[in-house]
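Asks: From first to last, the protein sequence lines stand for chains R and V. Counting in the numbering used here, the first sequence runs from 151 upward without gaps. Counting in the numbering used here, the second sequence runs from 3 upward without gaps. Ideal Cβ positions, reconstructed from N, Cα and C, are used throughout, including at glycine. Remember, predicted model here, so these are calculated numbers, not experimental data. Quick one: the structure is below, and I'll ask about it shortly.
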Amino acid sequence: MNIGTNRSEADRIGSERSGVESRGVVSGGVDVIGVERSGDRSSLERSAVECSWITAESIRFRREEGGSLRAEWGSRAGYVRVRRLFPLSSPDSAIWIGDRSGSEWGVLRSLAGLEPASQAALAEELRLSPFLPRIARVVSLQRRFGEFRWTAESDAGEIVFHTGPLYESVTALPGGERVVIDRNEQRYVLPEDRVLDSKTRKKLAKWL
Amino acid sequence: MASRTASLNLPQEEQPPGIHKGTDEEADPEAWSSPLSEEGRMERRTVVLRAAGLEIRDAQGRCLRSIERQSVAGAVVRETGGGAWLELELTDGGVVRAAMSALAGASGLQAFRDKVERWASQTNEGFREKANGESTQEGTETKLTWRRRLKALSGLLGYAVPHRKAILFSCAVLLVGVGFEALPPYLMKLMVDEGILQGSVTRFVGLIALLLSVYFLQAGFQVLRTSITIRIGNRMMSRIRKDMFDKLMKLSVRYYENRATAPFIGRIQYDTSWVQGFLSEGIPQLAAQTVMACAIFAILFAIDWRLTLGVAALLPICALLVLWLWPRMRSRMNRTWNTQYWLQKYIGEALQGIRVIKAFRREDEEKRRFSQFNEEAVRRAIDQQRMLQWLQPGMNLAISAGIALVWLIGGQYAIRGSSSLGTLIAFTTYLSMFLGQLRWNMNLASQANASIAAADRIFDLLGTDDELQVEGEAVRMPAAKGEIAFEEVTFGYEKGREVLRDFSLRIRPGEKIGITGHTGAGKSTLLQLLGRFYDPDAGAVRLDGVDLKRIDPADLRKSIGIVFQDTFLFDGTIAENIAYGVADASPERIMEAARLARAHSFIERLPFGYDTRVGERGVRLSGGEKQRISIARTLLLNPAILLLDEATSSVDQETERDIQEALDVLSAGRTTIAIAHRLSTLRNSDRIVVLEQGRLAEIGTHEELVRRGGIYLKLLEARRELPRQAATAG
Numbered sequence: 151m152n153i154g155t156n157r158s159e160a161d162r163i164g165s166e167r168s169g170v171e172s173r174g175v176v177s178g179g180v181d182v183i184g185v186e187r188s189g190d191r192s193s194l195e196r197s198a199v200e201c202s203w204i205t206a207e208s209i210r211f212r213r214e215e216g217g218s219l220r221a222e223w224g225s226r227a228g229y230v231r232v233r234r235l236f237p238l239s240s241p242d243s244a245i246w247i248g249d250r251s252g253s254e255w256g257v258l259r260s261l262a263g264l265e266p267a268s269q270a271a272l273a274e275e276l277r278l279s280p281f282l283p284r285i286a287r288v289v290s291l292q293r294r295f296g297e298f299r300w301t302a303e304s305d306a307g308e309i310v311f312h313t314g315p316l317y318e319s320v321t322a323l324p325g326g327e328r329v330v331i332d333r334n335e336q337r338y339v340l341p342e343d344r345v346l347d348s349k350t351r352k353k354l355a356k357w358l
Numbered sequence: 003m004a005s006r007t008a009s010l011n012l013p014q015e016e017q018p019p020g021i022h023k024g025t026d027e028e029a030d031p032e033a034w035s036s037p038l039s040e041e042g043r044m045e046r047r048t049v050v051l052r053a054a055g056l057e058i059r060d061a062q063g064r065c066l067r068s069i070e071r072q073s074v075a076g077a078v079v080r081e082t083g084g085g086a087w088l089e090l091e092l093t094d095g096g097v098v099r100a101a102m103s104a105l106a107g108a109s110g111l112q113a114f115r116d117k118v119e120r121w122a123s124q125t126n127e128g129f130r131e132k133a134n135g136e137s138t139q140e141g142t143e144t145k146l147t148w149r150r151r152l153k154a155l156s157g158l159l160g161y162a163v164p165h166r167k168a169i170l171f172s173c174a175v176l177l178v179g180v181g182f183e184a185l186p187p188y189l190m191k192l193m194v195d196e197g198i199l200q201g202s203v204t205r206f207v208g209l210i211a212l213l214l215s216v217y218f219l220q221a222g223f224q225v226l227r228t229s230i231t232i233r234i235g236n237r238m239m240s241r242i243r244k245d246m247f248d249k250l251m252k253l254s255v256r257y258y259e260n261r262a263t264a265p266f267i268g269r270i271q272y273d274t275s276w277v278q279g280f281l282s283e284g285i286p287q288l289a290a291q292t293v294m295a296c297a298i299f300a301i302l303f304a305i306d307w308r309l310t311l312g313v314a315a316l317l318p319i320c321a322l323l324v325l326w327l328w329p330r331m332r333s334r335m336n337r338t339w340n341t342q343y344w345l346q347k348y349i350g351e352a353l354q355g356i357r358v359i360k361a362f363r364r365e366d367e368e369k370r371r372f373s374q375f376n377e378e379a380v381r382r383a384i385d386q387q388r389m390l391q392w393l394q395p396g397m398n399l400a401i402s403a404g405i406a407l408v409w410l411i412g413g414q415y416a417i418r419g420s421s422s423l424g425t426l427i428a429f430t431t432y433l434s435m436f437l438g439q440l441r442w443n444m445n446l447a448s449q450a451n452a453s454i455a456a457a458d459r460i461f462d463l464l465g466t467d468d469e470l471q472v473e474g475e476a477v478r479m480p481a482a483k484g485e486i487a488f489e490e491v492t493f494g495y496e497k498g499r500e501v502l503r504d505f506s507l508r509i510r511p512g513e514k515i516g517i518t519g520h521t522g523a524g525k526s527t528l529l530q531l532l533g534r535f536y537d538p539d540a541g542a543v544r545l546d547g548v549d550l551k552r553i554d555p556a557d558l559r560k561s562i563g564i565v566f567q568d569t570f571l572f573d574g575t576i577a578e579n580i581a582y583g584v585a586d587a588s589p590e591r592i593m594e595a596a597r598l599a600r601a602h603s604f605i606e607r608l609p610f611g612y613d614t615r616v617g618e619r620g621v622r623l624s625g626g627e628k629q630r631i632s633i634a635r636t637l638l639l640n641p642a643i644l645l646l647d648e649a650t651s652s653v654d655q656e657t658e659r660d661i662q663e664a665l666d667v668l669s670a671g672r673t674t675i676a677i678a679h680r681l682s683t684l685r686n687s688d689r690i691v692v693l694e695q696g697r698l699a700e701i702g703t704h705e706e707l708v709r710r711g712g713i714y715l716k717l718l719e720a721r722r723e724l725p726r727q728a729a730t731a732g
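So this is what it looks like as C-alpha cells:
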C-alpha cells in the first residue's frame, strides 16, 4: 500500500463518498474530500466526516529551540503534532498534522515534495511518532525459562528488552517485516531476514 | 557502546526510568530520570527540580539546559505512540521538551508531570516540604522470573505427588522386569556351554523351560506396569488440564487482549498430553533403562573385561553426539510448534470471521493465506523429521558395525580358546541389549525435548500472575447497598495512553445515572472498571465505601449485573442461557425473568420453547431477541447494581421501546448506570454525566444540562439533526 502514489484511488473514494465529482482547492493548498462542511461543528466531529489533504508545496516545518515542531500552512501557523497514519505499511505517506490540542489541520499525502529543511524537521519528528525502534542487529537473544532477553542495536541506540514466548511476541507483517512486542507493550520493528546479517539470522532462526 | 546500552524494560543493571530522590548536594529535592533523550536516543536524561529552577542533565550529570522556575507555566505528557515526551510549557508561550520516556516509564513520567505542575504553582518553601515527602520509585515490575518459574516447575512435579505410591510401585515392577530382561542372554550362554557343547539334553531342556518361564514373567510384569501407567498418566493429564482451564478462567481480560484464544485449545489438549507422557511414562522408563544399562554394563564387564573396555571407549562419542543433537532438536521442535500456533491462531480467526469473509467474498484470499501458514508448518515439520530420519539409520548402522567388530575380535578369542562360544554369544546379545538401550534413550531424549517444551508453555500459563488479585483479606459483601464512588480514577488500556484521567463521581444507592459523550470519551471504560475487569492505574473505585480490590470477587459479581452492547449467548438452550448466573433457577423463575424482559412472547412461539437451542453465540436469534435474553439473564441475577452498556443501540426503534420497558423494570430500585448515545433513553436519569476525553465535563439532570448549553446540548442537537437529514435525503 502506498498512499503517496495512489492519489487517484483516494480521489475516487473521496468522490464516491461525497457524491460530488468536483474537488476544489481551498486556501493553503488543501484538497477537501468529505461529505459536508459545517462551520459550527466541533473539530472532533468534523474530522470524523472530512479529510483535508495538505499538499507538500503548501506547508513548511521547522524545529524550535525547545525541540517542538512548528508549521506554517496558509493562514495557519503554530506548534503542531504530527503522526504517521500508516507507520508500518506506508511510513512516508499520509502524515496527520494537527495543533497541540489535537484538532486536525489535515493529512499530508507524502514527504516527497517538501522543501529539504522542512522535510528534515518533519522526518526527525516522525522518527518518534510513533516511537518504534528499528532493530538493525540482534546482539544476543537469550532464553531463561520461557522469557527472552533481547539485546539489539537499533536506530535509537543499543537496547535491551524482555519478551514472552516468541510465538506470541513476534508478529509477521505482510511485507516480511516483523513487529516484536515486549513485556511493557513497547513495539520494535524487526526487518525481514534478507536485510539482517547472518549472525542475527542465526540467532533468530534458533527460536523463531 | 556498552556504556550507552539502555534498557526499555528495566533490567537490574540499569537504573529504571522514574522518580528518584535527588542526588545533588543542596536544594535538589526531586528528580526524574529516563534512558531516552528528548530526541529518542539512548542517552540518559535527568530532569531535576530545584527551588530556583529546573535542570535537564545528561548521563554524566552535566547541565544541558536550565529553566527558571517563574518561566515554567506547567507540564504536559505528550504521547507519541510507543513513548511520550515531558513537555514544559513556558510562560512566554514557548515549549521545551525535557526528555522522553518509553512505555516502561510512562506512569513515572505522568507522576513527575503532576509534580512539575505543583512545583510550578507553589512557593519555594511549599514545594520543598511536599516534594520531599512524595518520592516514588518505579521499577518494581522487574520480573522475578527464576522464582516464578521454579515455583511453576515444582508445581508441575507436584502433579506426580498424589500418585507417588503408584509411581514407586511402577518403578519397583519396572526394576524387577529389568532383572527378568537381563536373564535370557545368560541362560543362552549356559544352554550353549553346558547343554549343547556338553551334550546334556536334560540340562538343555531344563534351561529352555527356565527361559520360557522368564519370558512369561517379563510379559506379566509389562502388563502390570502398563496398567498402572495408564491409570496414573490419565489422572495426571486430567488434573493438569483442569488447572490450566481454571487458570484461564482466573486470568484477567487484559491477558486475553494481547493474545489469540484459539491456540489455547491446542495447548490444553496436546501440551498436557506431552507432559503426561513424560511424567508417567518417560521418567520411570528413563530411570529403569539407566539401571538396566548399568546392570548390563556390569555383566559385560564380568563376561569379558577386554571387549567391554573397547566398547566403553566409544561411549564418550555417543555422549558428545547426544549433546550436539539435543539443542538442535529442541530448536527445531520449538520452531515447528511456533508454526502450529500461528496456524491454529489463523484458523480460529478465520472461523470467527466467517460471515465477513463470505460477505466480502474473500474465500480465495483466505485460502491462500491458509496455504502460506500450512506450507510453513509443513516445511518446518519436514526439517525437524529430516534430522530424525538420519538419526535412526545412523544409530542402527553404528550398532551393527560395533557388534560385527565384537564378533571379529571375540571370534578370534574363541578360536584361540581364550573364551567360550557361549560367552561370545552372551556378550554380543548383552551388547545388542546395551546399545539398544542407548538407542532407546536417544528416542527418549527426543520425547523429553518435546515434553520440556510443552511443560515450558504450561509453566508460562500457570505461572502468569493474576492481575486482579484481592488485596489483603477479602471483604465479604453478601448484600451490597449500591453506593458507588470513583475517586480520582486514572486508567489506560495501554501504557502511556490515558482513557480516563482524574475521574471522580459519587453515586447514591438506588440512583440512576446516565453517561454520554463522544465515542472514545471513556464511557464503557467506567463500567469495565466498576465490573472489575480492570483495575485503575491510579485512584480507587469503591462499592459501599470498600475498594473493589478488597471485595470478595464472588460477592462483587453477585452485586453487579451487566447488560453488554454485544450480547454473548452460549451454545445451549434459551433456559440455560437465562439461568446462566443462577445455578438453581426454577423454570418458574426463568419464565418470570423472561416475561419481565419482554422475551417470553417470542420464546413461546418457538417450537421447542425455552428448550430451543440458540446455536453458537446465539446465531439463530435476532439481535433484539438475544438482547432480551441477556436482560432476562441479568434480571434473574437480581443484582444491587445494574450496568447497561448501550443495551439498545443495535436494535430497531420498536424493539428498543420493548427493551427500554424491560430495562425500566430491571432498574427499579437498583443503582443503575446506563451508557447511551440515544439521549432519549437517558432523559429520565437522576443525573446525566457527560464525559469528554476521559474527564467529567458536565453533570446534572437533563433540564439542567440543556439550560447550560454545553456539550450535552450539542450532542442532543446533533442527534436531532440526524433524523432531519435522513428525512431530507429521503
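Would G141(V) count as contacting chain R if we go by Cβ distances under 9 Å?
Replies: Your numbering for residue 141(V) matches position 139 in the second sequence. Its pLDDT being 36, under 50, G141(V) is placed unreliably by the model, and nothing is read from it.
Asks: Taking 9 Å as the threshold (beta carbon to beta carbon), is E663(V) in contact with chain R?
Replies: Position 661 of the second sequence, counting from 1, holds the residue named residue 663(V). No, E663(V) lies away from the interface with chain R (no Cβ there is under 9 Å from its Cβ).
Asks: Along chain R, in chain order, which residues have C-beta atoms closer than 8 Å to that of A104(V)?
Replies: Here residue 104(V) refers to the residue found at position 102 when the second sequence is read from its first residue. Those are F281, N334 and Q336, listed as they occur along chain R.
Asks: With C-beta atoms as the reference, is A476(V) less than 9 Å away from I553(V)?
Replies: As a first step, residue 476(V) is located in the second sequence; it is residue number 474 there, counting from the start. As a first step, residue 553(V) is located in the second sequence; it is residue number 551 there, counting from the start. Yes. Within cutoff.
Asks: Please report how far the alpha carbon of D30(V) lies from the alpha carbon of E254(R), in whole angstroms.
Replies: As a first step, residue 30(V) is located in the second sequence; it is residue number 28 there, counting from the start. As a first step, residue 254(R) is located in the first sequence; it is residue number 104 there, counting from the start. Low confidence applies here, because D30(V) scores a pLDDT of 47, under 50, leaving its location unreliable and the question unanswered by this model.
Asks: Let me confirm a value: S348(R) is counted as buried when at least 16 other C-beta atoms fall within 10 Å, else exposed. Which label applies?
Replies: Position 198 of the first sequence, counted from the first residue, corresponds to residue 348(R). Flag for S348(R) reads exposed.
Asks: Please list, in chain order, all residues of the same chain as I230(V) whose beta carbon is under 6 Å from its beta carbon, the five residues on each side excluded.
Replies: As a position in the second sequence, residue 230(V) is number 228, starting the count at 1. For I230(V), where only same-chain residues beyond five positions count, the Cβ hits under 6 Å are A168 and S172.
Asks: Are I515(V) and V691(V) closer than 9 Å when you measure CB to CB?
Replies: The residue given as residue 515(V) occupies position 513 in the second sequence. The residue given as residue 691(V) occupies position 689 in the second sequence. In contact: I515(V) and V691(V) (Cβ atoms closer than 9 Å).
Asks: Excluding five sequence neighbours on each side, which residues of the same chain lie with their C-beta closer than 8 Å to the C-beta of A289(V)?
Replies: Position 287 of the second sequence, counted from the start, is the residue given in the question as residue 289(V). Once the five neighbours on either side are set aside, the close Cβ partners of A289(V) are C173 and L176.
Asks: For G312(R), write down the residues that DSSP places opposite it in a beta bridge.
Replies: The residue labelled residue 312(R) in the question sits at position 162 within the first sequence. Here the sequence assigns His to residue 312(R), which means Gly is not the residue at that position. Bridge partners of H312(R): R299(R).
Asks: Taking 9 Å as the threshold (beta carbon to beta carbon), is A270(R) in contact with chain V?
Replies: The count along the first sequence starts at 1 and reaches residue 270(R) at position 120. Judged by the 9 Å Cβ criterion, A270(R) is not in contact with chain V.
Asks: Within the region 454-505 of chain V, note down every full beta strand (DSSP E) run reaching 3 residues or more, in order along the chain.
Replies: Entirely contained in the region 454-505 of chain V, the beta strand (DSSP E) runs reaching 3 residues are, in chain order, 486-493.
Asks: Could you work out which residues of chain R lie near N336(V), taking near to mean beta carbons separated by less than 8 Å?
Replies: If you number the second sequence from 1, residue 336(V) lands on position 334. W357, listed in chain order.
Asks: Between L470(V) and D537(V), is the Cβ-Cβ spacing less than 9 Å?
Replies: Mapped onto the second sequence, residue 470(V) falls at position 468. Mapped onto the second sequence, residue 537(V) falls at position 535. Taking 9 Å as the Cβ cut-off, L470(V) and D537(V) qualify as a contacting pair.
Asks: Quick check on E1(V) - is its C-beta less than 9 Å from some C-beta in chain R?
Replies: Because chain V is modelled from 3 through 732, residue 1(V) falls outside the range shown and cannot be assessed.
Asks: Pull up the distance between the alpha-carbon of G181(V) and that of V216(V), whole angstroms please.
Replies: Here residue 181(V) corresponds to residue number 179 of the second sequence, with the count starting at 1. Here residue 216(V) corresponds to residue number 214 of the second sequence, with the count starting at 1. Each residue's Cα considered, the two are about 10 Å apart.
Asks: Given a threshold of 16 other Cβ atoms within 10 Å of its Cβ, counted over all protein chains shown, does W246(R) qualify as buried or as exposed?
Replies: Here residue 246(R) corresponds to residue number 96 of the first sequence, with the count starting at 1. Counting Cβ neighbours within 10 Å, W246(R) comes out buried, since at least 16 surround it.
Asks: Assuming L302(V) and L433(V) make a contact with CB atoms under 8 Å, what is their CB distance in whole Å?
Replies: Residue numbering aside, residue 302(V) sits at position 300 when the second sequence is read from its first letter. Residue numbering aside, residue 433(V) sits at position 431 when the second sequence is read from its first letter. Right, the Cβ-Cβ distance comes to about 7 Å (below 8 Å), so this counts as a contact.
Asks: Using a threshold of 9 Å, state whether the C-beta atoms of T430(V) and I401(V) are closer than that.
Replies: Taking the second sequence and counting its residues from 1, one reaches residue 430(V) at position 428. Taking the second sequence and counting its residues from 1, one reaches residue 401(V) at position 399. Cβ atoms of T430(V) and I401(V): not closer than 9 Å.
Asks: Do T313(R) and V289(R) have their C-beta atoms within less than 9 Å of each other?
Replies: Stepping through the first sequence from its first residue, residue 313(R) is reached at position 163. Stepping through the first sequence from its first residue, residue 289(R) is reached at position 139. No. Outside cutoff.
Asks: Anything in chain R within Cβ reach of T1(V), meaning under 8 Å, just list it in chain order.
Replies: Given that chain V is displayed from residue 3 to residue 732, the structure contains no residue 1(V) and the question cannot be resolved.
Asks: Reducing DSSP to helix, strand and coil, say where F604(V) ends up.
Replies: Here residue 604(V) refers to the residue found at position 602 of the second sequence. The answer is helix: DSSP assigns F604(V) an H, G or I state.
Asks: In chain order, what are the residue ranges of uninterrupted beta strand (DSSP E) at least 3 long that sit wholly in the region 560-598 of chain V?
Replies: DSSP runs (the beta strand (DSSP E)) wholly in the region 560-598 of chain V: 562-565.
Asks: How would you call T292(V), buried or exposed, if buried means at least 16 neighbouring beta carbons within 10 angstroms?
Replies: Position 290 of the second sequence, counted from the start, is the residue given in the question as residue 292(V). So T292(V) ends up on the exposed side.
Asks: Determine which residues of the region 481-497 of chain V have a Cβ less than 7 Å from any Cβ of chain R, and write them out in chain order.
Replies: If the cut-off is 7 Å between Cβ atoms, the region 481-497 of chain V has E496 and K497 near chain R.
Asks: Taking 9 Å as the CB-CB cut-off, is D613(V) touching chain R?
Replies: Stepping through the second sequence from its first residue, residue 613(V) is reached at position 611. So no, D613(V) is outside the interface.
Asks: Going by beta-carbon coordinates alone, are L638(V) and A581(V) separated by less than 9 Å?
Replies: As a working note, residue 638(V) is residue 636 in the second sequence. As a working note, residue 581(V) is residue 579 in the second sequence. Yes.
Asks: Hey, K202(R) and V257(R) are a contact pair by Cβ (cut 8 Å); roughly how many whole angstroms apart?
Replies: By one-based count along the first sequence, residue 202(R) stands at place 52. By one-based count along the first sequence, residue 257(R) stands at place 107. The residue asked about is misnamed: residue 202(R) is Ser in this sequence, not Lys. 7 Å between Cβ atoms; contact.
Asks: Sort A585(V), S687(V) and S526(V) by Cα distance to E513(V) and report the nearest one.
Replies: Locating residue 513(V) in the second sequence gives position 511, counting from the first residue. The residue with the shortest Cα to Cα distance from E513(V) is S687(V).
Asks: Quick check: does the Cβ of V548(V) come within less than 8 Å of any heavy atom belonging to the ligand GDP?
Replies: The ligand GDP is not part of the structure shown, which contains no ligands of any sort.
Asks: Hey, does Y257(V) have any beta-carbon neighbour from chain R nearer than 9 Å?
Replies: What you label residue 257(V) is simply residue 255 of the second sequence in a count that begins at 1. Cβ-Cβ to chain R under 9 Å: no for Y257(V).
Asks: Within 10 angstroms of its Cβ, does Y317(R) collect 16 or more other Cβ (buried), or is it exposed?
Replies: In the first sequence, residue 317(R) corresponds to position 167, counting from 1. Classification of Y317(R): buried, given that the 10 Å Cβ count is 16 or more.
Asks: Does DSSP put F218(V) in a helix, a strand or coil?
Replies: As a first step, residue 218(V) is located in the second sequence; it is residue number 216 there, counting from the start. Three-state DSSP puts F218(V) in a helix.
Asks: In three-state terms, what does DSSP make of T48(V)?
Replies: Residue mapping note: residue 48(V) aligns to position 46 of the second sequence, counting from 1. T48(V): strand per DSSP, three-state reduction.
Asks: Is it buried or exposed for G174(R), if we count other Cβ within 10 angstroms and need 16 for buried?
Replies: Start at 1 with the first residue of the first sequence, and residue 174(R) comes out as number 24. Reliability of the predicted coordinates at G174(R) is poor, the pLDDT of 30 falling under 50, and no value is obtained from them.
Asks: Compare the C-beta of R47(V) with all C-beta atoms of chain R and state if any pair is closer than 9 Å.
Replies: On the second sequence, residue 47(V) is found 45 positions in, with the first residue counted as 1. Answer no: the Cβ-Cβ gap between R47(V) and chain R never drops below 9 Å.
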